[in-house]
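Beneath this line is the structure, given in structure tokens, with notes to follow.
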Amino acid sequence: MPEHPRHRRPYANVLETIAWTPLIRLTRVAQGIRTPVYGKAEFFNPGGSVKDRIGLPMIEAFERSGELKPGGTIVEGTSGNTGVGLAIAAALKGYKCIFTMPDKMSQEKVRLLKAFGAEVIITPTAVPPEHPDSYTSMAKRIATETPNAVLANQFYNLTNPAAHYASTGPELWEQTEGRITHFVAGAGTGGTISGTGKYLKEQNPNIQIVGADPVGSILAEVWRSNGANKPQGAPYKVEGIGQDKVPGALDLSVIDDYITVSDRDAFTMARRLTREEGIFVGGSAGLIAHAALSVARRINDPDACVVTVLCDTGERYLSKVFNDEWMRENQLLEPEKATLGQLLGAKTGAAPAIVSTAPGASVRQALGLMSLHDISQLPVMDGTNCVGSVSEHILSVRGLEDSKVLERTVSDVMDAPFPVVDAGMPADAAVKLLGRNNPALLVRDHGTVQGIITRSDLLQFLMAR
Ligand SMILES: Cc1ncc(COP(=O)(O)O)c(C=O)c1O
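Note that the sequence shown covers residues 0 to 464 in numbering that gives the first Met the number 0.
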């Protein structure tokens, strides 16, 4: 294992382990892209997300201003992760937490906040932010009505971007030894992108700050139109980033470019990061990584250095992004490509998987076999090798030319063998191989021919799907 300078001494408490997360090169998902792409692994924080960075600083600021007194209550409207960041600090400092959360958020997040002892109030997602039932309005009301309570107010609290200015920015500058050229991040509250972006631009104004936004969020469009357009938001499934109004913690002026990404691309990338890189992250990290890879592909420069934010752990989305059923219900899974092996397995009918003749058999016998099984072609097998083929069509043409053809041997009249293909071949690729000259394919699995597939088999299979 490589030496790492962290963790050499014990920490006084878990809060000291927040931040200084690793920067990890993405290799498999970046294959074929010359620009190096690194992920800031925020799921290494003790609460599993980037939001641990803002929980403690926000609480300490309330303590300094005198708004939060011992035994007080912290209230917040949160998509989950900020709640965890606040709850960790609150646990150590003895504060109570009440969180409001939109009902689109995963059950894991609700249970997680309850595990830290927080009270969680679920609110409807499908209401505008100013509606009294929205999670932000509800949090405001609870904070006003509860004695000795503060509203953390991450969307407008400038301690939020300041925390990233003080931690995420300097860490990236140091970890890349000043070589970072592009920082790609999503904006939920805008704290991460605004604070980190500001710090990085102060070190080197040429560093490009790229926003990544879900399709349905309004932020990218507001940025593109320089605030002139105030589009209507539309629902989307990615959690934690994107908005239907511009939060006060978001400084759009640090952003140089904005990329919009669909739920499907976001979730596909989260799953790829997990399976191919061993980096288990949620949908927002997938979305930002998808955007970062498109930036890297476009600039195509081995001397550049693109950094993406791996916002939180995938464990928070086991019932969603990592649940095939949920993905299918929401039309978010790439349709699986059927293979020839599956097609063979689905084949029905009385004929055995493979009916063949031998080179020494007579044409009469071969035709008898075809008629018995109601098939129109046969592979000619010499042991396990396909050495030729005969078809009803060719035999009838030959029969017209030579009346004695029925008594001849198959090897005298046979055509070229059918192609042999692997069982793993996608069925749509097989379509291209089947044609006038190849009425059938032999399917091989684990080295042996397992069956035969004809054009009509393929058609029947595709129609049944
Ligand atoms: C999963 C996830 N990713 C990204 C973000 C965005 O970070 P920020 O609020 O700093 O813009 C959040 C914020 O809630 C989040 O929960």
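Beta carbons are placed, not taken as given, at the ideal position from N, Cα and C, and that holds for glycine. Model, not experiment: these values are computed from the prediction.
In this structure, L399 sits away from V419, with a CB-CB distance that is not shorter than 7 Å.
For S78, the distance from the CB to the nearest heavy atom of ligand 1 is below 6 Å. Short note on I353: C-beta not closer than 6 Å to any heavy atom of ligand 1. For V308, the pairing in a beta bridge is given by DSSP as K39. By the Cβ-count criterion, S388 is buried, with 16 or more other Cβ atoms from all chains shown falling within 10 Å of its own Cβ. For M100, the three-state secondary structure derived from DSSP is strand.
By the Cβ criterion, the stretch 88–104 is in contact with the stretch 40–59, since at least three pairs of Cβ atoms, one from each stretch, lie closer than 8 Å. Per DSSP, reduced to three states, the secondary structure at N384 is strand. With respect to the C-alpha of L377, the residue from R407, G450, L405 having the closest C-alpha is G450.
S283 has its alpha-carbon roughly 6 Å from the corresponding atom of V237.
Between S105 and Y316, the C-beta spacing is below 7 Å. In this structure Y257 is not in contact with A295, their Cβ atoms being roughly 16 Å apart against a cut-off of 8 Å. Cβ contact annotation for W19 (same chain, cutoff 7 Å, sequence separation greater than five): R5, E170, in chain order. In this structure, the beta-carbon distance from V183 to I287 falls below 7 Å. Remark: three or more beta-carbon pairs, one from each stretch, lie closer than 8 Å, so the stretch 196–207 and the stretch 161–180 are flagged as touching.
Within the stretch 77–159, the complete alpha helix (DSSP H) segments of 4 residues or longer fall at 80–92, 106–114, 134–144, listed in chain order. With respect to G194, Y155 sits apart: the two C-beta atoms are not nearer than 7 Å.
Across the structure, I217 and A303 are spaced so that their CA atoms are roughly 29 Å apart. Contact between S361 and E406 holds: CB atoms are separated by about 6 Å, below the 8 Å threshold. Here the distance from the Cβ of C96 to the nearest heavy atom of ligand 1 is not below 6 Å. By the Cβ criterion, the stretch 419–429 is in contact with the stretch 329–348, since at least three pairs of Cβ atoms, one from each stretch, lie closer than 8 Å. Under the three-state reduction of DSSP, F182 is assigned to strand. Distances between the C-beta of I240 and the heavy atoms of ligand 1 include at least one below 6 Å. In the DSSP secondary-structure assignment, Y235 is not bridged to any residue.
Remark: C-beta atoms of D456 and K319 do not approach each other more closely than 7 Å.
Judged by pairs of C-beta atoms under 8 Å, the stretch 59–73 does not touch the stretch 257–271, as fewer than three such pairs exist. As the crow flies, the alpha-carbon of D427 is around 22 Å from that of T267. Comparing C-alpha distances from I298 to each of N152, R8, I32 shows the shortest one belongs to I32.
Note: D256 is bridge-paired with V209 in the DSSP secondary-structure output. When beta bridges are read from the DSSP output, G450 appears opposite V442.
The shortest C-alpha to C-alpha distance from G215 to any of Q231, A227, Q364, V305 is the one to Q231.
A straight line joining the alpha-carbon of A291 with that of V306 spans about 7 Å.
Less than 7 Å divides the Cβ of G241 from the Cβ of P213.
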